[in-house]
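Those letters in the sequence shown? Residues 160 to 337, per the numbering used here, in order.
Virtual Cβ for every residue (Gly too), placed ideally from N, Cα, C.
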Amino acid sequence: MSDTPDPGLAPRSNRALVLGLVGGLVGAAALGTWFVVHEGGRVRGAATSGDSTAAPLVRGEQVYGLCANCHGRGGGGQLGRAPALLGSPWLDPEPLTRLVLHGFSGPDPSLFREKMVGAPALSDRDVAALVSFVGHRFAGRDDVVPADVVGRIRAATAGRTRAWTVPELRALVGEDGS
Ligand code: HEC
């Protein structure tokens, strides 16, 4: 009888250990589930409404690979090849979307060996992601452009084949063309 407390204590502390382990596993599983649901919801939300920043910006950076050949990864441009995007006045969603869809013809084509041609085959979502990324990276903007904004601009400029000119873009952003 004198050793009664010992057999009693050992199982209890084992039980406590087991309960602690099980509790920890349940907690980890719950956290994992929350993470998956949370992440899944975020990505789905971004795909449909464009109201989340991370996924479009990641995609936008991938699409920017098309532009980086000429404009450089850091947007600094390359002498004789393409101008810098940093400091460009055409990085707002409206002018930039047009420029990406149809190209750009600046005041002095002799400055560059290459031409800025449009990429109309890009989907609305990819253009929106690209325009968002360029705005974030090179113009300090923090908005995410929804794909339907690109769709609207694409529809409004359907049939256009010429590149945009400076006077046209100026008129668009509200300065007087010159
Ligand atoms: C083949 C090289 C090339 C590629 C690829 C290219 N660009 Fe250009 N881009 C140019 C050239 C050249 C100009 C200047 C054209 C001119 O002044 O006539 C230009 C001009 C621009 C301008 C106007 C800059 C300013 O302020 O004068 C923007 C904005 C721009 N590009 C964005 C992009 C984006 C975004 C992409 C990717 C979808 C892209 N470009 C892909 C060559 C390129």
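When the Cα of VAL276 is compared with those of ALA288, HIS261, LEU328, PRO268, which residue comes out closest? Looking only at ALA288, HIS261, LEU328, PRO268, the smallest Cα-Cα distance to VAL276 is reached by HIS261.
From LYS274 to ASP302, what distance separates their C-alpha atoms? Going by C-alpha positions, LYS274 is about 29 Å away from ASP302.
When we look at the beta-carbon of PRO326 and count the other beta-carbons within 10 Å, is it buried (16 or more) or exposed? exposed
Report the rounded CA-to-CA distance for THR316 versus ALA280, giving the unit in angstroms. 14 Å
Neighbourhood of ARG284 by C-beta distance below 6 Å, restricted to the same chain and skipping five residues each side: ALA306
Would you mind sorting PRO248 into buried or exposed? The rule is 16 or more other CB atoms within 10 Å of its CB. exposed
Would you say the beta carbon of PRO242 comes nearer than 8 Å to a heavy atom of the ligand HEC? yes
PHE271 and GLY239 look like a contact to me (Cβ under 8 Å); what is the Cβ gap, rounded to whole Å? 6 Å
Where does THR316 sit, in a helix, a strand or coil, going by DSSP? coil
Distance, Cα to Cα, ARG329 vs GLN237? C-alpha separation (whole angstroms): 24 Å.
Would the C-beta of VAL222 count as close to the ligand HEC, meaning under 8 Å from any of its heavy atoms? yes
Helix, strand or coil for ALA243? Go by DSSP, reduced to three states. coil
Span of the alpha helix (DSSP H) holding GLY419? In the structure as shown, the chain starts at 160 and stops at 337, and residue 419 therefore has no counterpart that could be examined.
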